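Q: Heads up: the sequence lines are chains A and B, in that order. Position one of the first sequence corresponds to residue 1 (full-length UniProt numbering), numbered consecutively onward. Position one of the second sequence corresponds to residue 1 (full-length UniProt numbering), numbered consecutively onward. The beta carbon of each residue, even a glycine, is placed where N, CA and C say it ideally should be. It should be emphasised that the depicted structure is a prediction, and the values quoted were computed from it without experimental measurement. This structure is in structure tokens; I'll ask about it shortly.
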Amino acid sequence: MLSRLAVRALAPAGGLKSLAPALPVGAVQIFRPLHTSQQHLAPVPPLPETGGKVRHGIFPEEIFQFLYPKTGVTGPYMLGTGLLLYMLSKELYVVNHETIAGGVMVGIIIYIIKKYGPDVAAIADKLNEDAIAQATAVKNDMIAEHTTAIEEEKKEQWRVEGRHYLFDTKRNNVAIMLETNYRERLFTVYTEVKKRLDYHVAIQHLRRNMEQNHMINWVEQNVRQSITAQQEKESIAKCILDLKALSKSAQATV
Amino acid sequence: MTLSFFDQFAIPNLLGIPLIIPALFFSPTIWFSTNRLIQNRYSTIQSSLIINATKQMMLPISIAGHKWASTFMALLLMLTLLNTLGLLPYTFTPTTQLSMNMALAIPTWLMTVLIGLRNQPTASLGHLLPEGTPTLLIPMLVMIETASLLIRPIALGVRLTANLTAGHLLIQLTSTAVLALMNSMTLTASITLILLILLTCLEMAVALIQAYVFVLLLTLYLQENI
Chain A
1 MLSRLAVRAL APAGGLKSLA PALPVGAVQI FRPLHTSQQH LAPVPPLPET GGKVRHGIFP
61 EEIFQFLYPK TGVTGPYMLG TGLLLYMLSK ELYVVNHETI AGGVMVGIII YIIKKYGPDV
121 AAIADKLNED AIAQATAVKN DMIAEHTTAI EEEKKEQWRV EGRHYLFDTK RNNVAIMLET
181 NYRERLFTVY TEVKKRLDYH VAIQHLRRNM EQNHMINWVE QNVRQSITAQ QEKESIAKCI
241 LDLKALSKSA QATV
Chain B
1 MTLSFFDQFA IPNLLGIPLI IPALFFSPTI WFSTNRLIQN RYSTIQSSLI INATKQMMLP
61 ISIAGHKWAS TFMALLLMLT LLNTLGLLPY TFTPTTQLSM NMALAIPTWL MTVLIGLRNQ
121 PTASLGHLLP EGTPTLLIPM LVMIETASLL IRPIALGVRL TANLTAGHLL IQLTSTAVLA
181 LMNSMTLTAS ITLILLILLT CLEMAVALIQ AYVFVLLLTL YLQENI
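Here is the structure:
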């Protein structure tokens, strides 16, 4: 197992370096050496941006580059023409009905490719771009979501700092309620006691009034009983004398 | 090497070994599969084509029939490739062989019929009598519908064979006419050449359409029976 890990650790240095293109960008193939390291599934090496360069639709550019040093620019064309004429003249290739049918077919194919090729390429590019845009949109949405989550979390942390205000207010509230309740009960006690005392005071007053009235009545009664007839006549005669005297003085003033 | 008109329909031989199997299996090698999200243009177009074709062909079928999707799409792909690649000169088209088309048509048709008879025998036998037929015509109509049912595989196979064989033969004949008339009656040859161009366009269309029709009919037979 350790040897496996060691080889895997060494592999990126060996494998991917040899994957770097020795040919310039736009080369047709990436030459991957066979069986130099254990197979890696990831990271997947990137695809080349464009396909292989071709001239006239089917002939790879490499042939022209290969022949250029020895035969110059016209070399490959001369080779092609020579081969074609050789095959025709020696009747290695016989011209028959298939030639014409094939010629027409190839001509139609070339026409279609020239006419609709760029549009199809644009469609393919658009499909790829849509796929990339969708993936990027998902990524951006996740990033935005997480940023919002971070801000929300910071806000919550700030809120936690202000918690003591809440607790103080609640504590004050409870104290006020307790105080109010205590005062109310105190007042109740006071009123109850006052009621009891008022009751006793009222009873005392009542007793006193009744005693007083009783005594007055008793005195009056006794006094009336003690007034004899003799005393009554004398008092009445005195009253008449007084009145006469008064009337004389009154006449005198008039 | 003189080429007769029917040499194109002979199975190619190499040193006495018939090359029918490579002929069948080399055509799909131009169809690539990859597991990347972003592919090159060729693979993108081919993926989008097969996805759209699958959606378009399999939507009318009920959910139970969707497990046939890969079979039908593989069939469609193979027939399309075989037909279109056979239009190139000097190529052998396997679908011009009646044996091959019957080998494709009979088992698939039989599968649909047997699935219908196994899962819903009443309904699939009920297809033998269209709705709303007058009572007097019922016996005759049942026989006619049975004949129509039994001739379906033959029709499927022969339709594909006949279309492609006829198309190829017509191309060969017209191009022979062009070749023969080129030196003596050049104007007629050029008119025939125009005819050949139109015919070639038709044959390209027929190649695609025949493959599509084959699979479409199979989906219809499946939809009846699933």
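Spell out the partners DSSP gives residue 269 of chain A in its beta bridges.
A: In the structure displayed, chain A extends from 1 to 254; residue 269 of chain A sits before or after that span and is not available.
Q: Can at least three beta-carbon pairs, one atom from the segment 201-218 of chain B and one from the segment 83-99 of chain B, be found at a separation below 8 Å?
A: Touching, yes, given that three or more Cβ pairs across the two stretches are closer than 8 Å.
Q: Under a CB-based cut-off of 7 Å, is residue 87 of chain B close to chain A?
A: Cβ-Cβ to chain A under 7 Å: yes for residue 87 of chain B.
Q: Between residue 171 of chain B and residue 101 of chain A, is the Cβ-Cβ spacing less than 7 Å?
A: Result yes, Cβ atoms of residue 171 of chain B and residue 101 of chain A sit closer than 7 Å.
Q: Taking all protein chains shown into account, decide if residue 134 of chain A is buried (16 or more other Cβ within 10 angstroms of its Cβ) or exposed.
A: The residue is exposed, with fewer than 16 neighbouring Cβ atoms inside 10 Å.
Q: Would you mind reading off the limits of the alpha helix (DSSP H) that contains residue 238 of chain A?
A: First-last of the alpha helix (DSSP H) with residue 238 of chain A: 229-253.
Q: Mapping the DSSP letters down to three states, classify residue 101 of chain B as helix, strand or coil.
A: DSSP places residue 101 of chain B in helix when its eight states are reduced to three.
Q: Is there a Cβ from chain B that is less than 7 Å from the Cβ of residue 140 of chain A?
A: False, the Cβ-Cβ gap to chain B never drops below 7 Å.
Q: So residue 196 of chain B and residue 138 of chain A are supposed to be a Cβ contact under 8 Å. How far apart are they, rounded?
A: The Cβ separation is near 53 Å, so there is no contact.
Q: Should residue 50 of chain A be labelled buried (16 or more other beta-carbon atoms within 10 Å of its own) or exposed?
A: Residue 50 of chain A should be labelled exposed.
Q: In terms of residues, what are the limits of the alpha helix (DSSP H) holding residue 174 of chain A?
A: That run of the alpha helix (DSSP H) goes 163-226.
Q: At a Cβ threshold of 7 Å, is residue 80 of chain B touching chain A?
A: By this cut-off, residue 80 of chain B is not an interface position.
Q: Does the CB of residue 100 of chain A have a neighbour CB from chain B at under 7 Å?
A: Taking Cβ atoms only, chain B reaches closer than 7 Å to residue 100 of chain A, which makes this a yes.
Q: Buried or exposed: residue 59 of chain A, going by 16 or more other Cβ atoms within 10 Å of its Cβ?
A: Classification for residue 59 of chain A: exposed.
Q: Please report whether the beta-carbon of residue 38 of chain B lies at a distance below 7 Å from any beta-carbon of chain A.
A: Yes, its Cβ sits closer than 7 Å to a Cβ of chain A.
Q: How should residue 193 of chain B be labelled, buried or exposed, when 16 other C-beta atoms within 10 angstroms of its C-beta is the threshold for buried?
A: So residue 193 of chain B ends up on the buried side.
Q: Verify the CB distance criterion: does residue 195 of chain B have a CB-CB separation below 7 Å to chain A?
A: So no, residue 195 of chain B is outside the interface.
Q: Determine, using beta carbons only, whether residue 91 of chain B and residue 225 of chain B come nearer to each other than 7 Å.
A: Cβ atoms of residue 91 of chain B and residue 225 of chain B: not closer than 7 Å.
Q: Taking its Cβ as the centre, do 16 or more other Cβ atoms sit within 10 Å of residue 45 of chain A, making it buried, or is it exposed?
A: Residue 45 of chain A is exposed by the Cβ-count criterion.
Q: Roughly how many angstroms lie between the CA atoms of residue 66 of chain B and residue 73 of chain B, to the nearest whole one?
A: Computed Cα separation, rounded: 11 Å.
Q: Which residues bound the alpha helix (DSSP H) around residue 74 of chain B?
A: That run of the alpha helix (DSSP H) goes 69-85.
Q: Spatial neighbours of residue 28 of chain A within its chain, please: C-beta separation below 6 Å, excluding the five flanking residues on both sides.
A: Residue confidence is low: residue 28 of chain A scores 48 on pLDDT, short of 50, so the model does not pin down where it sits. No coordinate-derived value is stated.
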